[in-house]
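S.K.: Under the working numbering, the first residue of the sequence shown carries the number 4, and numbering increases by one thereafter.
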Amino acid sequence: MSTHIGLADLLFGRTRGAVLALLYGRADQSFYTRQIAREVDASVGAVQRELENLSKVGLIVRKSLGSQVFYQANRDAPIFREMQSLVNKTVGVFSVLRSALQPLSKRIVVAFVYGSVAREEETAQSDVDLMVVGKATLDEVLSRFSTVEKNIGRPVNPTVYSIAEFKSRLANGNHFLSAVLKGQKAFLLGDEDELRKVGGVRLAKARTHQSQ
Numbered sequence: 004m005s006t007h008i009g010l011a012d013l014l015f016g017r018t019r020g021a022v023l024a025l026l027y028g029r030a031d032q033s034f035y036t037r038q039i040a041r042e043v044d045a046s047v048g049a050v051q052r053e054l055e056n057l058s059k060v061g062l063i064v065r066k067s068l069g070s071q072v073f074y075q076a077n078r079d080a081p082i083f084r085e086m087q088s089l090v091n092k093t094v095g096v097f098s099v100l101r102s103a104l105q106p107l108s109k110r111i112v113v114a115f116v117y118g119s120v121a122r123e124e125e126t127a128q129s130d131v132d133l134m135v136v137g138k139a140t141l142d143e144v145l146s147r148f149s150t151v152e153k154n155i156g157r158p159v160n161p162t163v164y165s166i167a168e169f170k171s172r173l174a175n176g177n178h179f180l181s182a183v184l185k186g187q188k189a190f191l192l193g194d195e196d197e198l199r200k201v202g203g204v205r206l207a208k209a210r211t212h213q214s215q
């Protein structure tokens with residue numbers, strides 16, 4: 004986790020990273036300055052400076068509504084998708100979830116986000132769909148997210164399988180699991196190779212069939 008924190012600090016700095024994580028993590032929502040300052044736990048002055056700089060380079064947009072000024076991620080920016088992906092990985096939702104699961108890392112083989120958040124097509128109503136495979140229990144995983152949901156502004160919806168249950172459901176052609184594995188995934192712990200190993204031959208066959 005220290006690598007991700009170091010990279011985030013190098014790229015953004017603490018306040019700018021927090022502002023980007025908020026605005027790009029909830030890209031379809033707008034916020035006023037004091038609201039942002041409360042959300043990211045920074046001074047209004049520091050937040051205002053970052054908002055001005057980010058507006059100047061086109062990463063966020065500034066809109067006036069009456070006497071209030073609101074800020075929002077700029078979806079029309081040429082690098083919006085790339086920026087959202089970078090923010091998610093370094094200071095945003097993926098980084099926060101990875102950090103939350105780190106204490107359970109020895110009991111987890113793979114953990115990944117799937118669904119609209121993994122595809123970076125989320126809306127304000129989107130949950131963060133999370134799949135965990137290993138020895139960790141659902142209660143253990145849920146306990147790690149008591150404060151995370153507030154920080155990322157979204158509910159976390161974990162599905163937790165033991166290795167045996169994962170293999171069994173995969174072998175039986177479980178529709179939900181098959182659909183998840185065919186979709187986009189953002190790995191928090193482990194990777195595609197670990198997922199293939201834990202799924203065994205059945206997963207390899209499923210992927211071969213998919214590519215034909």
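The beta-carbon is built from N, C-alpha and C at its ideal position, and this holds for glycine as well.
Hey, could you find the ends of the beta strand (DSSP E) valine 135 is sitting in?
M.R.: For the purposes of this step, residue 135 is taken as the residue at position 132 of the sequence shown. Valine 135 -> beta strand (DSSP E) spans 131 to 137.
S.K.: Got a sec? Which residues, its chain only, sit under 7 Å from alanine 24 by beta carbon, not counting five neighbours each side?
M.R.: What you label residue 24 is simply residue 21 of the sequence shown in a count that begins at 1. Hits under 7 Å: Val90, Val94, Gly95.
S.K.: Just to confirm the assignment, what range does the alpha helix (DSSP H) spanning leucine 180 have?
M.R.: Position 177 of the sequence shown, counting from 1, holds the residue named residue 180. Note, leucine 180: alpha helix (DSSP H), 178 to 185.
S.K.: Rounded C-beta distance between leucine 192 and serine 108? I'm assuming under 8 Å.
M.R.: On the sequence shown, position 189 is the one that residue 192 refers to. On the sequence shown, position 105 is the one that residue 108 refers to. Indeed they touch by this definition, with Cβ atoms about 6 Å apart.
S.K.: Can you find the residues in the same chain that come closer than 8 Å, C-beta to C-beta, to asparagine 160, ignoring five residues on each side of it along the sequence?
M.R.: In the sequence shown, residue 160 corresponds to position 157, counting from 1. Correct list, in chain order: Asp130, Val131, Asp132, Leu133.
S.K.: How long is the line joining the alpha carbons of aspartate 216 and serine 181, rounded to whole angstroms?
M.R.: Look at the range of the chain in this structure, 4 to 215, and you will see that residue 216 is not part of it.
S.K.: Spatial neighbours of valine 72 within its chain, please: CB distance less than 8 Å, with the 5 preceding and 5 following residues excluded, ordered by chain position.
M.R.: Here residue 72 corresponds to residue number 69 of the sequence shown, with the count starting at 1. Excluding residues within five positions, the ones whose Cβ falls inside 8 Å are Tyr35, Thr36, Arg65, Lys66.
S.K.: Are the CB atoms of alanine 76 and leucine 141 within a distance shorter than 8 Å?
M.R.: Walking along the sequence shown from the start, residue 141 turns up at place 138. Walking along the sequence shown from the start, residue 76 turns up at place 73. Contact flag unset, no.
S.K.: Using CA atoms only, rank isn't needed, just tell me which of Ser102, Ala80, Ile39, Val136 is closest to tyrosine 74.
M.R.: Numbered from 1 along the sequence shown, position 71 holds the residue referred to as residue 74. Ranking Ser102, Ala80, Ile39, Val136 by Cα distance to tyrosine 74 puts Ile39 first.
S.K.: Tell me threonine 93's beta-bridge partners as DSSP assigns them.
M.R.: Here residue 93 is taken as the residue at index 90 of the sequence shown, counted from 1. Answer is none; threonine 93 lacks a bridge partner.
S.K.: Give the single residue among Arg84, Ser171, Gly156, Arg19 whose Cα lies nearest to the Cα of serine 58.
M.R.: Here residue 58 refers to the residue found at position 55 when the sequence shown is read from its first residue. Answer by Cα proximity: Arg19.
S.K.: In three-state DSSP terms, what is glutamine 71?
M.R.: Numbered from 1 along the sequence shown, position 68 holds the residue referred to as residue 71. Glutamine 71: strand per DSSP, three-state reduction.
S.K.: From the DSSP output, which residues share a beta bridge with isoleucine 63?
M.R.: Sequence index remark: in the sequence shown, residue 63 carries index 60 (1-based). Answer is Ala76.
S.K.: Just to check my reading of the structure: tyrosine 117 and valine 136 have Cβ atoms closer than 8 Å, yes? What is that Cβ distance to the nearest angstrom?
M.R.: On the sequence shown, residue 117 is found 114 positions in, with the first residue counted as 1. On the sequence shown, residue 136 is found 133 positions in, with the first residue counted as 1. In fact, because the Cβ distance is near 12 Å, the residues do not count as touching under 8 Å.
S.K.: Can you tell me whether phenylalanine 97 is buried or exposed? The criterion is at least 16 other CB atoms within 10 Å of its CB, across all chains shown.
M.R.: Counted from its first residue, the sequence shown places residue 97 at position 94. Classification of phenylalanine 97: buried, given that the 10 Å Cβ count is 16 or more.
S.K.: Nearest-angstrom Cα distance between threonine 126 and lysine 153?
M.R.: Within the sequence shown, residue 126 is the residue found at index 123, counting from 1. Within the sequence shown, residue 153 is the residue found at index 150, counting from 1. Their backbone Cα atoms lie some 16 Å apart in a straight line.
S.K.: Among Gly156, His178, Ala21, which has the Cα closest to the Cα of valine 120?
M.R.: Residue numbering aside, residue 120 sits at position 117 when the sequence shown is read from its first letter. It is Gly156 whose Cα lies nearest to the Cα of valine 120.
S.K.: Among the residues of its own chain, which have a CB less than 6 Å from the CB of glycine 202, if the five just before and after it don't count?
M.R.: Position 199 of the sequence shown, counted from the first residue, corresponds to residue 202. Only Leu173 meet the Cβ criterion.
S.K.: May I ask you to list the residues that DSSP assigns as paired with valine 161?
M.R.: Mapped onto the sequence shown, residue 161 falls at position 158. Correcting the residue identity first, residue 161 is proline in this sequence and not valine. BP columns for proline 161 point to Leu133.
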